[in-house]
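K.L.:
According to the numbering used here, the sequence shown is numbered sequentially starting from 3. Glycine included, every Cβ here is placed at the ideal spot set by N, Cα and C. Predicted model only: the values in this text are computed from it and were never measured.
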Amino acid sequence: MRSLLVIHDQATRSESERKSAQPCDNPLPESVLRSCGYSVAIAYNEIQAKSLIRDSDATVLHLPVSDIRSWGTSLLSWKLVPLLWWCSDSTATLSVDACEDNVMIDGILTPLMGAQEVHWALHFGAKQCFERQQWQNERTQLLSRIEERKWIDMAKGILCEIKHISESEAYDLLRKQAMNERKRLVDVATSIVNVYRLLQEQKQKGAK
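1) Taking the alpha carbon of serine 5 as the reference point, which residue from Glu163, Gln202 and Leu54 has its own alpha carbon closest?
2) Give the C-beta separation of tryptophan 153 and valine 195 to the nearest angstrom, bearing in mind that I take them to be a contact with Cβ-Cβ under 8 Å.
3) Taking only three categories from DSSP, how would you classify serine 44?
4) Three-state secondary structure (DSSP) at glycine 109?
5) Where do the N-terminal and C-terminal ends of the alpha helix (DSSP H) with isoleucine 148 fall, by residue?
6) From the DSSP secondary-structure annotation, give me the bridge partner or partners of valine 62.
7) From alanine 23 to threonine 142, what does the alpha carbon distance come to, in whole angstroms?
8) If you compare alpha carbons, which of Val34, Ala94, Thr93 and Gly127 is closest to aspartate 59?
9) What does the alpha-carbon distance come out to for the pair glutamate 203 and methionine 156?
10) Just the Cα atoms here: how many angstroms apart are glycine 39 and serine 90?
11) By a C-beta neighbour count over all protein chains shown, 10 Å radius and 16 as the cutoff for buried, is serine 97 buried or exposed?
12) Taking the alpha-carbon of serine 92 as reference, which of Thr75, Thr112, Leu82 and Leu78 has the nearest alpha-carbon?
13) Pick helix, strand or coil for asparagine 182, following the three-state DSSP scheme.
14) Pop quiz: isoleucine 107 and tryptophan 87 are said to be a contact at Cβ under 8 Å. What is the actual Cβ separation, rounded to whole angstroms?
15) DSSP state of glycine 208, grouped into three classes?
16) Within the continuous alpha helix (DSSP H) that includes proline 31, where are the two ends?
17) In three-state terms, what does DSSP make of leucine 114?
18) Can you tell me whether alanine 191 is buried or exposed, with buried defined as 16 or more other CB within 10 angstroms of its CB?
19) Going by DSSP, what residue range makes up the alpha helix (DSSP H) through serine 76?
20) Among Ile160, Ile9, Leu124 and Glu169, which one has its Cα closest to the Cα of asparagine 47?
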């Protein structure tokens with residue numbers, strides 16, 4: 003991991019421009035990271051960030067905690083990279099009201115870190131990022147299976163009601179139809195439920 007993208011917002015951009023003109027005891031992230039041997043690109047808006055993130059191994063967010071969620075959502079939609087927060091005097095002060103916020107962050111960097119500390123923060127941040135993504139993928143798959151099971155159970159209930167058969171017989175019927183039509187079981191079940199609902203709606207309209 004050698005290429006980093008530093009994100010500034012409007013508040014920290016003003017700070018960046020002010021500090022770049024004079025020596026400062028609280029250095030900017032790009033200064034610290036470059037001194038540690040990293041290649042650093044800087045973005046001040048989403049257009050710049052979207053272009054630069056393609057060549058970046060991680061993103062360092064120099065902005066208040068309250069802005070991390072919106073930035074993180076955009077960045078991760080473009081590329082899966084670790085998101086690290088630059089905790090300086092200014093960003094910490096701007097984040098006081100957001101200390102209870104639930105934010106997507108994989109690690110923290112500070113102006114006082116040395117090269118080894120930055121290295122290990124980035125190393126564990128990368129592990130956290132990919133573990134979080136793996137957990138998200140597993141959660142998505144689980145929710146998908148739950149949703150599929152819901153449609154299959156509804157279709158079984160409809161078949162049991164209409165054909166006066168048991169649940170196991172209804173499941174066998176669904177599976178046989180899926181094989182014959184070369185479709186997924188859930189797709190057949192969804193079609194049955196939707197057709198049944200349509201017929202029920204038409205019946206209700208006819209009754210009126």
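P.N.:
With the given structure in hand:
1) Leu54
2) 6 Å
3) One detail in the question is off: residue 44 reads as isoleucine in this sequence, not serine. Looking at isoleucine 44 - three-state DSSP - the assignment turns out to be strand.
4) strand
5) 117 to 165
6) Within the DSSP secondary-structure output, valine 62 pairs in a beta bridge with Val8 and Leu86.
7) Residue placement at alanine 23 is flagged as unreliable, the pLDDT there being 49, under the threshold of 50; the coordinate-derived value follows with that caveat. Between alanine 23 and threonine 142, the C-alpha separation is close to 48 Å.
8) Selected option, being the one with the closest Cα: Gly127.
9) 17 Å
10) 20 Å
11) Under this definition serine 97 is a buried residue.
12) Thr112
13) Correct three-state label for asparagine 182: helix.
14) 5 Å
15) The answer is helix: DSSP assigns glycine 208 an H, G or I state.
16) 31 to 37
17) coil
18) buried
19) Start and end: 70 to 80.
20) Ile9
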